[in-house]
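Following: one structure in C-alpha cells, then a few remarks.
Numbering (our numbering), first residue to last: 78 to 296.
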C-alpha cells in the first residue's frame with residue numbers, strides 16, 4: 078500500500094500543480110469564487126469527468142494488465158480539450174519515468190518501453206493501476222487514492238487561484254470523502270460504453286481556457 082500512497086501523492090513531480098483542468102476558466106467567469114462554489118465545481122468534476130474516465134481506467138487495468146495499452150489509447154482519445162489532452166500526456170510520461178526508476182516491474186518496464194517508442198501515450202491512472210496490480214492492491218483502493226489525490230491537487234490550485242484559505246481547502250476535501258466513496262461505487266458499475274460520458278460544460282471550459290488573456294495554470 079505504501080507504493081500506491083507514494084505514487085498517488087499530490088506532491089509527485091508530474092506537473093499536476095500547474096493544471097487547473099478548467100477550474101481557472103470557472104474562476105475567470107466568477108462561477109467559482111468562494112469555498113461553496115468551489116466545492117460544487119469539484120463535486121461536478123469528480124462525478125462527471127474524473128470517475129467515468131480515470132476511475133474506470135484503474136479498475137480495468139488492475140483487473141487485467143493486458144488491457145493497459147487499450148486503456149491508454151482510450152483515455153487519450155476521449156480527452157477532447159487540447160490543453161487537457163496534452164497535460165495528461167505530459168503527466169503520464171513523467172509518471173512512467175518515475176515508476177520505472179523507483180518501482181520497476183515487468184509490466185511497468187514493458188509499458189515504459191511502449192511510451193518511449195511512442196506506441197503508447199503515457200497515463201497516470203494506467204501507471205498507478207499497474208503498480209497496484211504488482212503489489213496486490215484492490216482496484217477500489219487504488220481508485221480512491223488516485224481520485225482523492227486529483228481532488229487534493231485541484232484544491233491546492235483553488236487555494237492559490239480563487240483564492241481561498243488553506244483551512245477552507247481542508248474543509249472542502251473533508252466534505253468530499255463520502256463523494257469519493259460514491260464515485261468508486263459508481264465506477265464499479267460502469268460498462269465500457271459509458272466510459273468518457275463526461276460533462277460538456279466542463280469540456281467547454283477546458284477548451285476556452287486556451288484563449289484566456291491571463292492565466293496562472295496551463296489548463
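Don't be surprised by glycine CBs; every beta carbon is placed ideally from N, CA and C.
- A Cβ-Cβ separation of about 5 Å places residue 224 in contact with residue 257 under the 8 Å criterion.
- In its chain, beyond the 5 residues on either side, 253, 256 have a beta carbon closer than 8 Å to the beta carbon of residue 120.
- Residue environment: residue 170 is assigned as buried (16 or more neighbouring CB atoms within 10 Å of its CB, all protein chains considered).
- At the C-beta level, residue 245 and residue 138 stay beyond 8 Å of one another.
- The residue from 179, 163, 188, 160 with its alpha-carbon nearest to that of residue 148 is 188.
- Taken through DSSP and simplified to helix, strand or coil, residue 250 comes out as helix.
- Looking from the CA of residue 96, the closest CA among 234, 103, 260, 211 belongs to 234.
- No Cβ-Cβ contact shorter than 8 Å links residue 153 with residue 145.
- Approximately 6 Å separates the beta-carbon atoms of residue 110 and residue 239; this is inside 8 Å, confirming the contact.
- By the neighbour-count definition (other C-beta atoms within 10 Å, threshold 16), residue 106 is an exposed residue.
- Contact holds between the segment 118 to 134 and the segment 191 to 203, because three or more Cβ pairs, one in each stretch, are under 8 Å apart.
- Here DSSP, grouped into helix, strand and coil, assigns residue 91 to coil.
- Taking a 10 Å sphere around the C-beta of residue 232, we find 16 or more other C-beta atoms and assign the residue as buried.
- Shown here for residue 260: same chain residues with a beta carbon closer than 7 Å to its own, the five before and five after excluded, namely 123, 124, 128, 132, 224 in chain order.
- In this chain, residue 293 is not harboured by any alpha helix (DSSP H), its DSSP state being neither H nor E.
- Under the DSSP assignment, residue 188 falls in the alpha helix (DSSP H) whose first and last residues are 183 to 193.
- Residue 142 places its beta carbon less than 8 Å from that of residue 184.
- When rounded, the separation of the alpha-carbon atoms in residue 195 and residue 150 is 11 Å.
- Each of 268, 249, 94, 209 was checked against the Cα of residue 164, and the nearest Cα belongs to 94.
- The DSSP assignment places complete alpha helix (DSSP H) segments of no fewer than 4 residues inside the segment 118 to 196 at 133 to 140, 145 to 155, 159 to 179, 183 to 193, in order along the chain.
- Residue 116 carries a helical assignment under DSSP once its states are collapsed to helix, strand and coil.
- Look at residue 232 here: in three-state DSSP terms it is helix.
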